[in-house]
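This report refers to the structure that appears directly beneath it.
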Amino acid sequence: MKDYANKKSLNRRSVKSRKKVYGAKKKSIQVVSSRILLGLFITSLSLAAISFFYFETDVENIQSRNELNNITIDFPSSLLEGSVLIESSSEDRFLFCEYFVQIGAYGNKKYAFEAKEILEDIKLISINEIYSSSDPGKKLHSVLSGPYANRSAANNSKEVITKKGFEPRLRTLCKEK
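With the sequence shown counted from 1, adding 120 to any position gets you this note's numbering.
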């Protein structure tokens, strides 16, 4: 296969040690010509001028006002006291509910006592022996906190237990009055 590129010599001193450099005769082609760039620039200026006059653009400085917002928070005055009135359905009046916080269920009694020792500042902690529902016959040691009179007290206890590193669950036991 024949190479059609021109040969250019770098070293002209000796005929024996000539190095050939091959180069093309084509000039580099400009990707976008200056005529196209000038046409685009004139077109964009004309469109900007037309839109300024046609759409009646009016530019104004936006400055902040020196006004202060007065925020008032209204809440029921009963929240300042120790008790809050809540609505209850007719079914709730006939039920007596106790709320428990289940801290965990352990297969080994030793781990249940360790959990109880970690949570010694929380009152009403008990360890109950229960049987697993997923594996009948397997005895588990459930660590419970409670009973609490209302859901709010149980949730407060649950938050304290969560901060200690456990993942407690709220359990409700309701009976008819």
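The C-beta atom is built at its ideal place from N, Cα and C for all residues, glycine as well.
Sequence-distant residues of its chain with Cβ nearer than 6 Å to residue i (five each side left out)
i: R289; result: Q222
i: R271; result: Y219
Between the CA atoms of residue j and residue i - distance to the nearest angstrom
i: E240; j: D255; result: 30 Å
i: Y268; j: K284; result: 19 Å
i: F216; j: K236; result: 28 Å
i: A169; j: V151; result: 29 Å
i: F161; j: E180; result: 27 Å
i: S171; j: G159; result: 18 Å
i: I156; j: T163; result: 10 Å
Environment of residue i [buried if 16+ CB atoms lie within 10 Å]
i: I182; result: exposed
i: K278; result: buried
i: A274; result: buried
Anticipated Cβ contact below 8 Å, residue i with residue j, distance rounded
i: G224; j: V263; result: 5 Å
i: A232; j: I247; result: 5 Å
i: L293; j: E218; result: 5 Å
i: F220; j: G266; result: 4 Å
i: I242; j: I281; result: 7 Å
Neighbourhood of residue i by C-beta, 7 Å cutoff - its chain only, sequence neighbours within 5 removed
i: K259; result: E249, Y251
i: K229; result: H261
i: E287; result: none
Min CB distance residue i to chain B below 8 Å
i: E287; result: This model lacks chain B altogether, as it is built from one protein chain only.
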